[in-house]
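Note sheet for the following structure.
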Amino acid sequence: MLGHMGHLPDELLELVLNEMPCFYLSFISEGGSTELSGLFVEKPPEGVVANAGSDVTLIAKVDSTSLTRKPVMKWLKGKWMDLGSKAGKHMQFKETYDRNTKIYTYEMKIIKVVAGDAGGYRCEVTAKDKCDSCTFEITVEGEWSSFTKKRQEEQPEIDVWELLKSAHPSEYEKIAFKYGITDLRGMLKRLKKMLSSVYCAAFLKKLDSCYSVDKGKKIVLTCEVVDPNVQVKWLKNGQEIKPSAKYVMEANGNIRTLTINRTTLADDAAYECVVGEDKSFTEVFVKEPPVTITKLMDDYHVVVGERVEFEIEVSEEGAHVMWFFEDVELHKDKDSKFRFKKDGRKHTLIIPEATLEDIGMYHAWTNGGHTKGELEVEEKQLEVLQDIADLTVKATDQAVFKCEVSDDKVTGKWFKDGVEVLPSDRIKMTHVGRFHKLVIDDVKPEDAGDYTFVPDGYALSLSAKLNFLEIKIDYVPRQDPPKIHLDTTGNMVSQNTIIVVAGNKLRLDVEITGEPAPTVVWTKGEKIVTETEGRIRVESRKDLSCFVIEGAEREDEGNYTICVTNPAGEDKANLFIKIVDVPDPPENVKCTGVGEDTASMIWDPPKYDGGAPVKGYLMERKKKGSSRWTKLNFDVYPDTTYEAKRMIEGILYEMRVFAVNSIGLSPPSLTSKPFMPIAPTSEPTRLSVHDVTDSTCSLKWLAPEKIGAGGLDGYVIEYCKEGDTEWVVANQELCERQGFVVRGLPVGEKINFRVVAVNIAGRSPPALLGQPVTIREIMEHPKIRLPRALRTKYIRKVGEKINLVIPFQGKPRPVAIWYKDGQPVDPKMVNVRSSNVDTILFIRAAEREHSGTYELVLKIENMEDRATVIMRVVERPGPPVNVRVTDVWGFNAALEWDPPTDDGNCEITGYTIQKADQKTKEWFTVYEHNRRTNCTVSDLIMGNTYQFRVYSENLCGLSEEPRVSKNTAVIAKTGLEMKKATYKEQDMSCMPKFTQPLVDRSVVAGYSTAISCSVRAFPKPKIIWMKNKMIIDDNPKYLMVNNQGVLTLRIRKPSTFDGGVYMCRAINELGQDEVECKLNVQASTRLSGLNRQQLGHLYRPVLDHLIDNPHSASQLSTKTSRARSLNSVTGQGLSLLHPGTGLG
1 MLGHMGHLPD ELLELVLNEM PCFYLSFISE GGSTELSGLF VEKPPEGVVA
51 NAGSDVTLIA KVDSTSLTRK PVMKWLKGKW MDLGSKAGKH MQFKETYDRN
101 TKIYTYEMKI IKVVAGDAGG YRCEVTAKDK CDSCTFEITV EGEWSSFTKK
151 RQEEQPEIDV WELLKSAHPS EYEKIAFKYG ITDLRGMLKR LKKMLSSVYC
201 AAFLKKLDSC YSVDKGKKIV LTCEVVDPNV QVKWLKNGQE IKPSAKYVME
251 ANGNIRTLTI NRTTLADDAA YECVVGEDKS FTEVFVKEPP VTITKLMDDY
301 HVVVGERVEF EIEVSEEGAH VMWFFEDVEL HKDKDSKFRF KKDGRKHTLI
351 IPEATLEDIG MYHAWTNGGH TKGELEVEEK QLEVLQDIAD LTVKATDQAV
401 FKCEVSDDKV TGKWFKDGVE VLPSDRIKMT HVGRFHKLVI DDVKPEDAGD
451 YTFVPDGYAL SLSAKLNFLE IKIDYVPRQD PPKIHLDTTG NMVSQNTIIV
501 VAGNKLRLDV EITGEPAPTV VWTKGEKIVT ETEGRIRVES RKDLSCFVIE
551 GAEREDEGNY TICVTNPAGE DKANLFIKIV DVPDPPENVK CTGVGEDTAS
601 MIWDPPKYDG GAPVKGYLME RKKKGSSRWT KLNFDVYPDT TYEAKRMIEG
651 ILYEMRVFAV NSIGLSPPSL TSKPFMPIAP TSEPTRLSVH DVTDSTCSLK
701 WLAPEKIGAG GLDGYVIEYC KEGDTEWVVA NQELCERQGF VVRGLPVGEK
751 INFRVVAVNI AGRSPPALLG QPVTIREIME HPKIRLPRAL RTKYIRKVGE
801 KINLVIPFQG KPRPVAIWYK DGQPVDPKMV NVRSSNVDTI LFIRAAEREH
851 SGTYELVLKI ENMEDRATVI MRVVERPGPP VNVRVTDVWG FNAALEWDPP
901 TDDGNCEITG YTIQKADQKT KEWFTVYEHN RRTNCTVSDL IMGNTYQFRV
951 YSENLCGLSE EPRVSKNTAV IAKTGLEMKK ATYKEQDMSC MPKFTQPLVD
1001 RSVVAGYSTA ISCSVRAFPK PKIIWMKNKM IIDDNPKYLM VNNQGVLTLR
1051 IRKPSTFDGG VYMCRAINEL GQDEVECKLN VQASTRLSGL NRQQLGHLYR
1101 PVLDHLIDNP HSASQLSTKT SRARSLNSVT GQGLSLLHPG TGLG
């Protein structure tokens, strides 16, 4: 931030370099909770010189042996710019920790230094209540330094401060940029001091020097002006601000405020309040909140060539997200295979075609969050959709071998008995899409053999056998016994067993001889198979019987018999058809244990192995809530226990298992219950002995430095005698506090203690004491630690709660005894509770008899300590005594009184004197806090008679009742003689009489209205309003006003139910009078349908009354604003009815 200071004046350069740490220290001292201390073991050099384009590495080391928690390091440029948000390709930060020396190493690396990196820097480390910082400067040499030297030689020296003092604030930033000042805060701070000597006559209180607000929040700028009626202007960067929903300007007396709603980064600017020629400046700094990741990254498992999209979702639109592959940052380059996509808050990393080199962990970082996902890529596996079938053909027939694979681009070769088959006129090979065919025309005996198809690039082969059926013509006698000729090749695995894969087709072509033609019967067990159509059927040809099973099922397995008979004899053959299938899914998949990034899984083998032994298992996992499964192994795993690795701690996972046999892959098992990889915590820290007695030991410790996602359930405390190896558990249940008292220990023995933290993942490493503890009581003298507030007189008011907590120390446990005025305290009046470390004296409601001297005696055997507390319970005093007027002269009266008999148990601090004229009998305060027992009341009015009263005052306040003077003070008229015979006082009394009656009205529902009248009466009458002869009480719908005899009843938004007869009644001791009117409330829809003539008749009585009584019209003129609201409903202005009334 202090770069480009080539031509700064020496005084400005010295200010910026020296004031930076001073300003930081003053900022820390204002907080009041941070202590400066030397934490650095190694600091960056104060002056670093680098060549443009080279790399610079700065290292700082911090010793954490004296710290209670992990230190936090910040790298700053100038005073305030946090470089943590600039981490990326240009600036990189690294942190390492040595457990042996407990030293943290922090590293900042600037890659390819440029001219803008020059300037002053600061590294700041904080740890709870301790902090330390160091400053250093980076100088960049090369083309930029020679350029600045040339500018220094060419430009003359200019006094920047004189230029700033005479410039407009909107020009400050331009001047700072021109003369290389990047520390705008330091510049404004010094400039403010230089301008503070100028007296500002317009402002009582100026704006604060700066304000800080989080993005999206509201901020209020407040200043105070001298003239409450003056108009002010608000400027932003020199431009006037216009009032709007975002900028709200308010004036309340002398206070002027500017409220900025929903602040954005554009509101980070300089603001000023202008009053005439005087101005008040400030700066507003908008802080952008950290961006968090709301949707985590999923793992991917793909084959080579597939598209991969790692997608995350962040909390703010337009946020900066950095992508990493392992430890390498990914950038958007033309030559890069990675693509980046932003859609609102969604950010996506795209790999168009995955390769084996892309296998690894991918990370996404924001300034407030981190997530990662694993990518696994495997070679494409070719799946066989249709296998080659064995063929049995006759001479001159056509043999067709056909297969189907999953990839239509795969080519392959055909082999016969291991020798490649070449195409010819009789042998043709075709490849159409996923189908591969080998066609042999005009089959010959030499074509018989094993045929194999081998796809190019895959360790896979498909085989089938071609059987040549040779027909021999022999002389057959007319009587030939039947004979079954079974082929022992192909599917035959033994003389009488045939294995068929479930779902495949079985076709047995059995050659039969005999003369005459024999009868063929197929049976399964005892059941004869006679069907010629269907899934299981028998097809008969000349000299051939075919047994067919379409889509073999498990139920088709069993013993089959073929029996042929003719008159010459009988032949029989037994076959066992075995159906093999993929196994059932494994069962009871569950997690038996977890680690920091591992999980141990176990499952049961499938109940049915499909008729073929299970070779092993394949495992998959996924994050809970995701739909993407990731393979954990590519090769078949033979066991039923597996440890999954490379998982993310704190994330819920689910797992499933597949069984594999020679036929194929089973369906997936049921998903396991969700599990979370977590690790045990680190060992507890700072284990120490707090107290020891003859049979107990009190231990204390701090929480582990590393807790992890598994949290912390509690602690286990164990002990053993010195020399033993068997540890005894001291607590049966987990201890949640960071302290425990081990009881029942043998006296005098040396005991070792250790503490283990426990969470869902298990036990942590133990925290041990450095040496064994001898179990023996430690004697300590009793000592009372009296709080400072109790060392002076303790005063409380009557009725207040008293709770005195007095800590003490001493071993063994002291005995605390309370005395009041030398006698033990009464337990009925005072509650006392004592513990090992303090004693409490509690009074629920203080009374005056609780006042006195309390003494606490602390005893341990023949040792003791004492402390005294003087308590006084006070209340309001009684009134003064014997208040009297001692003298009257001119317009003055002298008063005297005696102190009250009850002072409320505390000193009388003063008196309050009031006077009253006997005509009005209204009391006015003359003196407050008068400390003497006499006073002189001046400025009394001639011809009046005054009476006086006095209140006592103490710490609790004024006395509840005053004392009235026994005599009065008569202020006589000077120079006049009163003729009592000729003067007759006029009697103003009169019974109530309404001078203006109520007038019938018709109003529209929903619009507030009022009815008024006036009354004359003395004494002042009581006014009662009634509706339909029912008294209107404190109903919030009605507002009753009495202003100098003008009575008004205001009805808020009347409905049709508010219509009726309203009556006003006035009553005093001489009589009563009443008036009434009728109020008609009409619905707004009816009123809107009235024409001008009807509306005129409706309001004519009201207007005639107002015209005849101008005084009433002027009093009701304030209500015309409500009448205007009627215009919007009816479209008829009152001015149209009678323009002369002034109501329009």
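Mapped onto the UniProt record's numbering, the consecutive letters of the sequence shown carry residue numbers 1 to 1144. Ideal placement from N, C-alpha and C gives every residue a C-beta, glycine not left out.
Between Thr681 and Asp299, the C-beta gap is not smaller than 8 angstroms, which leaves the two residues out of contact. In the structure shown, Phe177 falls within a helical segment according to DSSP collapsed to helix, strand and coil. Relative to the Cα of Pro243, the nearest Cα in the group Thr257, Val230 and Gly253 belongs to Thr257. Per the coordinates, the alpha-carbon of Ser461 lies some 25 angstroms from the alpha-carbon of Lys444.
When rounded, the separation of the alpha-carbon atoms in His320 and Val302 is 28 angstroms. If you look at Trp323, you'll find it in the beta strand (DSSP E) that goes Met322 to Phe325.
When the five nearest sequence neighbours on each side are left out, the beta carbons in the same chain lying within less than 8 angstroms of the beta carbon of Arg345 are those of Thr294, Glu313, Val314, Ser315, Glu316, Glu317 and Ala319, in order along the chain.
Residue state for Thr366 is assigned as strand, using DSSP reduced to three classes. Contact annotation: Thr839 and Val832 have beta-carbon atoms nearer than 8 angstroms.
Between Ala659 and Pro606 the beta-carbon gap is near 5 angstroms, inside 8 angstroms, which marks them as a contact. Across the structure, Ile971 and Asp887 are spaced so that their CA atoms are roughly 11 angstroms apart.
Closest in C-alpha terms to Tyr854, from the list Ser626, Phe842 and Met871, comes Met871. Following the DSSP letters along the chain, one finds Lys750 inside the beta strand (DSSP E) bounded by residues Lys750 to Asn759.
DSSP lists Glu374 as the bridge partner or partners of Met361. By the neighbour-count definition (other C-beta atoms within 10 Å, threshold 16), Ser280 is a buried residue.
In the pairwise beta carbon analysis, the segment 774-792 is classified as touching the segment 803-821: at least three pairs are separated by under 8 angstroms. Between Leu958 and Arg876, the gap from beta carbon to beta carbon is short of 8 angstroms. For the 8 angstroms CB-CB criterion, Ile775 and Ile751 form a contact.
Nearest neighbour of Ile241 by Cα position, chosen from Cys273, Pro45 and Glu374, turns out to be Cys273.
Per the coordinates, the alpha-carbon of Pro71 lies some 28 angstroms from the alpha-carbon of Met647. For Glu311, the closest of Ala364, Asn574, Thr1048 and Lys402 by C-alpha to C-alpha distance is Ala364. Of all alpha-carbon atoms in Lys372, Asp358, Arg434 and Pro352, the one lying nearest the alpha-carbon of Asp387 is that of Arg434.
Non-local beta-carbon contacts of Lys380 in its own chain, meaning distances under 8 angstroms to residues more than five positions away in sequence, involve Val303, Val304, Gly305 and Asp407 in chain order. With distances taken between CA atoms, Asp543 lies nearest to Glu515 out of Thr532, Glu515, Ile528 and Met361. For Trp161, the enclosing alpha helix (DSSP H) begins and ends at Val160 to Ser166.
Pro879 and Ser1055 have their C-alpha atoms some 55 angstroms from each other.
With respect to Glu107, Val49 sits apart: the two C-beta atoms are not nearer than 8 angstroms.
C-alpha of Ala251 to C-alpha of Asp278: approximately 18 angstroms in a straight line. According to DSSP, residue pairing for Met1026 in a beta bridge involves Ile1031 and Met1063. Here Cys546 really is in contact with Glu539; their C-beta atoms are around 4 angstroms apart, less than 8 angstroms.
Leaving aside the five residues that flank Asp442 on each side, the residues in its chain whose CB is nearer than 7 angstroms to its CB run, in chain order, Thr396 and Arg426.
A distance of 8 angstroms or more separates the beta carbons of Ile103 and Asp132. Fully contained in the segment 40-127 are the following beta strand (DSSP E) runs of length 3 or more, in chain order: 40-42, 47-51, 56-63, 72-77, 91-98, 103-110 and 119-127. Across the structure, Val756 and Lys700 are spaced so that their CA atoms are roughly 13 angstroms apart. Just so you know, the alpha carbons of Asp390 and Val384 end up roughly 16 angstroms apart. In chain order, Phe842 place their CB closer than 6 angstroms to the CB of Asn803, counting only its own chain and leaving out the 5 sequence neighbours on each side.
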